[in-house]
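Here this note's numbering is used: position 87 in the sequence shown is 73, and no number is missing along the way. Working notes, beginning with the structure itself.
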Amino acid sequence: MRRHSISNIPGDATRYDLAMMFASCGTIRNASILTNNNPNRPGEGLVEFQTKQGAENAVRDMNGADMKGHALRVGFSKYYGGKLNKS
């Protein structure tokens, strides 16, 4: 599986911020953040990698990484429901 669910994302983060945060792990196919109407509340999102190695790097290197003062939680995801914010 090459898709990850990411939680504890800062409420003001964009999908670009998320993609840049994970770019060192491998080539990203898509990064999305769930719509969050409260910028003070941590959000959730998805990052999908081109390769399995990129996905494995993300779990190994980014789980617990700091993003604007928030420790990210990264895990493999088979399915992730919710409304994605593609902007």
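Ideal Cβ positions, reconstructed from N, Cα and C, are used throughout, including at glycine.
Own chain residues within Cβ distance below 7 Å of residue i, not counting five before or after
| i | result |
| --- | --- |
| K38 | R(-12) |
| A5 | I14, A17 |
6 Å Cβ shell around residue i - same chain, five flanking residues per side excluded
| i | result |
| --- | --- |
| E30 | S(-7), L20 |
| G61 | S(-9) |
Own chain residues within Cβ distance below 8 Å of residue i, not counting five before or after
| i | result |
| --- | --- |
| R59 | I(-8), S(-7), N(-6), N49, G50 |
Rounded C-alpha distance that separates residue i from residue j
| i | j | result |
| --- | --- | --- |
| F35 | A41 | 6 Å |
| H(-10) | D3 | 16 Å |
| D47 | R15 | 18 Å |
| M7 | G55 | 13 Å |
| S63 | A57 | 18 Å |
For residue i, the nearest candidate out of the options (CA to CA)
| i | options | result |
| --- | --- | --- |
| T0 | S63, G61, F62, P28 | P28 |
| S10 | A57, V45, S63 | V45 |
| T13 | A57, S63, N43 | N43 |
Coarse secondary structure for residue i, derived from DSSP in three states
| i | result |
| --- | --- |
| L32 | strand |
| D52 | strand |
| R27 | coil |
| R1 | helix |
With a cut-off of 8 Å, do at least 3 Cβ pairs link the stretch 13 to 31 to the stretch 47 to 54?
no
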